[in-house]
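Peer 1: Going left to right, the sequence shown walks through residues 5 to 213 as the numbering used here numbers them. Before anything else, here's the structure in question.
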Amino acid sequence: MNLCRLIAVALVALGLSPKTDAQVIEFDSGGLRYQTLTKGGVTIMFAPMPTHVREYTILQIAVSNGSPISWSVRPEDFYFQKTDGTLIEALPARTVIESLMERASRSDVIKLVTTYETTLYGISMFKSTNGFESRRQNALAEVSSRKIKAAAAASAIAFVQTKLLPGRSTDGAIFYPTAGKPMGAGKLIVHAAGEVFEFRAEDEPTSAK
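Below you can see the structure in the form of structure tokens.
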């Protein structure tokens, strides 16, 4: 079942019509609490990852295009607004990848890849058509060194600018420079598909029980 179909089913289960005003839906999967919102046929889903790498706070993002036209999405479209109004912009994929290649230790890489794969593959209802798995396979096919393979796998996690055709989807991690500290309470604001998506954020990432 693709993500857009899942949202429609969830709305019906709640006694709502998929054509009613957009609202955030929450669900638990892979030990994480996800929030998802659909506007104009485009669905965005996110969850805070329970691990930090170096100075970054990390969110897992999935985007599915159920609209009849193509849309581009990029990390810089995802802003975190703190309760005091401060905006933190997600870093471009190139910046994150260069940092992971140059500064991340082997233990950092293992922790990041393991956590991301566990959470991503735990979402049975979401099948990305152009996300982490395809990027990882491409990265590993181009290198031979075990150390470089690990770094390449980690860099494949980063959410990259993607043009989504109708019916296509992607996933990835977006990174916020927070000196390794929690971002705190606030909201995630996404400018995508000609819409503004807003999600609340708690003081600390909440894992599903």
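Idealized CB from N, CA, C, for every residue including glycine.
Are there 16 or more other CB atoms within 10 angstroms of the CB of Asp81, so buried, or fewer, so exposed?
Peer 2: By the neighbour-count rule (16 or more Cβ atoms within 10 Å), Asp81 is buried.
Peer 1: Hey, out of Gln64, Thr47, Tyr83 and Pro181, whose CA is closest to Asp175's CA?
Peer 2: The option with the nearest alpha carbon to Asp175 is Gln64.
Peer 1: Go ahead and label Ile73 buried or exposed: buried means 16 or more other beta carbons lie within 10 angstroms of its beta carbon, across all protein chains shown.
Peer 2: The residue in question, Ile73, is exposed, as its Cβ has fewer than 16 Cβ neighbours within 10 Å.
Peer 1: Let me know the secondary structure DSSP gives Val57 once reduced to three states.
Peer 2: Strand.
Peer 1: For Val77 versus Thr166, is the C-beta distance shorter than 9 Å?
Peer 2: Contact: yes.
Peer 1: Jot down the residue ranges of each uninterrupted beta strand (DSSP E) in the segment 27 to 77, minimum 3 residues, whole runs only, in chain order.
Peer 2: Counting whole runs of 3 or more residues, the segment 27 to 77 contains the beta strand (DSSP E) stretches 29 to 33, 36 to 43, 46 to 52, 60 to 69 and 75 to 77.
Peer 1: With distances taken between CB atoms, is the gap from Glu202 to Lys185 smaller than 9 Å?
Peer 2: The answer is no: Cβ separation not under 9 Å.
Peer 1: Mind checking Ala169: buried by the 16 CB within 10 Å criterion, or exposed?
Peer 2: For the sequence presented, residue 169 should be read as Leu rather than Ala. It counts as exposed.
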